[in-house]
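**Student:**
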Amino acid sequence: MNSAEAALRSVEENDRKHSVQCEGNPYVIPFHMDDQSVIVKLNDLSADISDKDIAGVMSKFGKIASIRESE
1 MNSAEAALRS
11 VEENDRKHSV
21 QCEGNPYVIP
31 FHMDDQSVIV
41 KLNDLSADIS
51 DKDIAGVMSK
61 FGKIASIRES
71 E
């Protein structure tokens with residue numbers, strides 16, 4: 001199996017099936033694949049959540065290539 005197939009399978013297995021809690025509120029995590037990469041967008045997170053916190057939670061799903069704030 002090539003990495004594109006593995007990435008697609010990861011999206012199918014995880015899209016909207018996981019969530020993180022912040023201040024008691026669950027936030028569903030969508031997974032998307034674009035250009036053979038999996039892009040995870042986390043919306044409406046508290047400003048108190050650091051990139052390190054996000055990486056700590058998301059790293060159990062695979063390698064984190066980058067974390068950035070959207071415009």
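Each residue of the sequence shown is one higher than the one before, counting from 1 in the numbering used here. Note that the Cβ used here is the ideal one computed from N, Cα and C, for glycine as well.
1. Quick one: what does DSSP say S19 is sitting in, helix, strand or coil?
2. In this structure, how does DSSP classify N14 when only helix, strand and coil are distinguished?
3. Ordered along the chain, which non-local residues of its own chain (more than five positions away) have a Cβ less than 7 angstroms from that of S46?
4. According to the Cβ coordinates, are V38 and S10 closer than 8 angstroms?
5. From what residue to what residue does the beta strand (DSSP E) around N43 run?
**Tutor:** According to the structure shown:
1. strand
2. helix
3. C22 and E23
4. yes
5. No beta strand (DSSP E) holds N43; DSSP gives it neither H nor E.
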